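Below is one structure, written out as structure tokens; comments come after it.
Numbering (our numbering), first residue to last: 848 to 992.
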């Protein structure tokens, strides 16, 4: 009976040591880059966009990926154009600043923050944000000063 108990304890200890830890990270707020010569890399991203929301004219994007080493910074790019619709729509592209893919085995959840001031300057009361590789549209209503 004692052997079974000890065997179970050792097995439980072994399994718990192999549990994958999730690393939570944040990237400081950056302004959206407005680029008329937007070059969109045509590749399958190493990250998955989990959630997107807006807090006080700051766009928050939560992404997840595997690899806790060589993590690049991210940039949000807008080509400066708005689609002619009511409300107008803006396409935004999230891109890593380097071509390096993170290495390592740990799961990383990262929250990115982007200042929406370039979109606020369009003077529309509402803009629909379409983010590449994210299926849900986001309605942005700029805060008036």
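Ideal Cβ positions, reconstructed from N, Cα and C, are used throughout, including at glycine.
The structure presented is a predicted model; accordingly, all values stated were derived computationally and were not measured.
TODO: List the whole-angstrom C-beta distance separating residue 946 from residue 920, where the pair is believed to meet the contact cut-off of C-beta under 8 angstroms.
DONE: Incorrect: roughly 13 angstroms between the Cβ atoms, too far for contact.
Task: Inter-stretch contact at 8 angstroms, needing at least 3 Cβ pairs: the segment 897-905 / the segment 960-969 - done: Counting Cβ pairs under 8 angstroms, three or more are found: they touch.
- [ ] Could you tell me if the beta carbon of residue 984 falls within a distance shorter than 7 angstroms of some heavy atom in the ligand ATP?
- [x] Only the bare structure without any ligand can be found here, which leaves the ligand ATP out of the picture.
Task: residue 875, enclosing beta strand (DSSP E) - first and last residue - done: Residue 875 -> beta strand (DSSP E) spans 869-878.
TODO: Measure the C-alpha to C-alpha separation of residue 941 and residue 892 and round it to an integer number of angstroms.
DONE: Between the C-alpha atoms of residue 941 and residue 892 there is a straight-line separation of about 10 angstroms.
Task: Close Cβ partners of residue 871 (< 6 angstroms) along its chain, the five nearest in sequence each way excluded - done: Result list for residue 871: 956, in chain order.
- [ ] Taking only beta-carbon positions, decide if residue 912 is within less than 8 angstroms of chain B.
- [x] The structure shown contains no chain B; it holds only a single protein chain.
Open item on the list: Give me, in chain order, the residues of the same chain whose beta-carbon lies closer than 6 angstroms to that of residue 936; leave out the 5 immediate sequence neighbours on both sides.
Closed with: The beta carbon of residue 936 sits closer than 6 angstroms to those of 930, 975 and 977, all from its chain and outside the five residues before and after it, given in chain order.
- [ ] Could you name the residues of the same chain whose beta carbon sits closer than 6 angstroms to that of residue 884, not counting the 5 residues immediately before and after it, in chain order?
- [x] For residue 884, same chain residues with a beta-carbon under 6 angstroms away, outside a window of 5 residues either side, do not exist.
Open item on the list: Let me check one thing: in DSSP terms, what residues is residue 902 bridge-paired to?
Closed with: For residue 902, which the question treats as bridged, DSSP gives the partners 905.
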